[in-house]
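S.K.:
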Amino acid sequence: MKKFMIMMMRQWSHSPMKMILTLIAVALGSFILILAFNVTEIIDEQVETQLNNNGIVVQVANGTWDADGDIDQTRPSEWDSTIQSY
Numbered sequence: 001m002k003k004f005m006i007m008m009m010r011q012w013s014h015s016p017m018k019m020i021l022t023l024i025a026v027a028l029g030s031f032i033l034i035l036a037f038n039v040t041e042i043i044d045e046q047v048e049t050q051l052n053n054n055g056i057v058v059q060v061a062n063g064t065w066d067a068d069g070d071i072d073q074t075r076p077s078e079w080d081s082t083i084q085s086y
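Using this note's numbering, the first residue of the sequence shown is number 1, and each one after it goes up by one.
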């Protein structure tokens, strides 16, 4: 850390405007990164809260479950009138 501070002071004496712009760019980039993580966490909480409620469709696929647990897709897609609407 001491070596970094010495190098920063040396650069500051040579070109202070360049150092100011560099520090502003680093601070702005750090702020945007922290903001992105916080926004992602807030969105994840909201989506998780909504998806944990009863009766919400997470994914709709035109297909049937096979014996292995995979979905065999129906092509072309067909409307299934036996599915209940909530």
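Cβ coordinates follow ideal geometry from the N, Cα and C atoms, glycine included.
Where do the N-terminal and C-terminal ends of the beta strand (DSSP E) with D72 fall, by residue?
M.R.: To locate residue 72, count along the sequence shown from 1; it is residue 72. Bounds of the beta strand (DSSP E) holding D72 are I71 to Q73.
S.K.: Rounded C-beta distance between T74 and G63? I'm assuming under 8 Å.
M.R.: For the purposes of this step, residue 74 is identified with residue 74 of the sequence shown, where counting begins at 1. For the purposes of this step, residue 63 is identified with residue 63 of the sequence shown, where counting begins at 1. With a Cβ gap of about 5 Å, T74 and G63 count as contacting.
S.K.: Roughly how many whole angstroms lie between the Cα atoms of S81 and I71?
M.R.: What you label residue 81 is simply residue 81 of the sequence shown in a count that begins at 1. What you label residue 71 is simply residue 71 of the sequence shown in a count that begins at 1. For S81 and I71, the distance between alpha carbons rounds to 19 Å.
S.K.: Can you list, in chain order, the residues of its chain whose CB lies under 7 Å from that of W65, leaving out five sequence neighbours each side?
M.R.: To locate residue 65, count along the sequence shown from 1; it is residue 65. Counting only residues of its own chain and dropping the five nearest sequence neighbours on each side, W65 has a CB closer than 7 Å to the CB of I71.
S.K.: Contact check, M17 vs Q11 under 8 Å by CB: the rounded distance?
M.R.: As a position in the sequence shown, residue 17 is number 17, starting the count at 1. As a position in the sequence shown, residue 11 is number 11, starting the count at 1. At roughly 11 Å, the Cβ-Cβ gap does not stay under 8 Å, so M17 and Q11 are not in contact.
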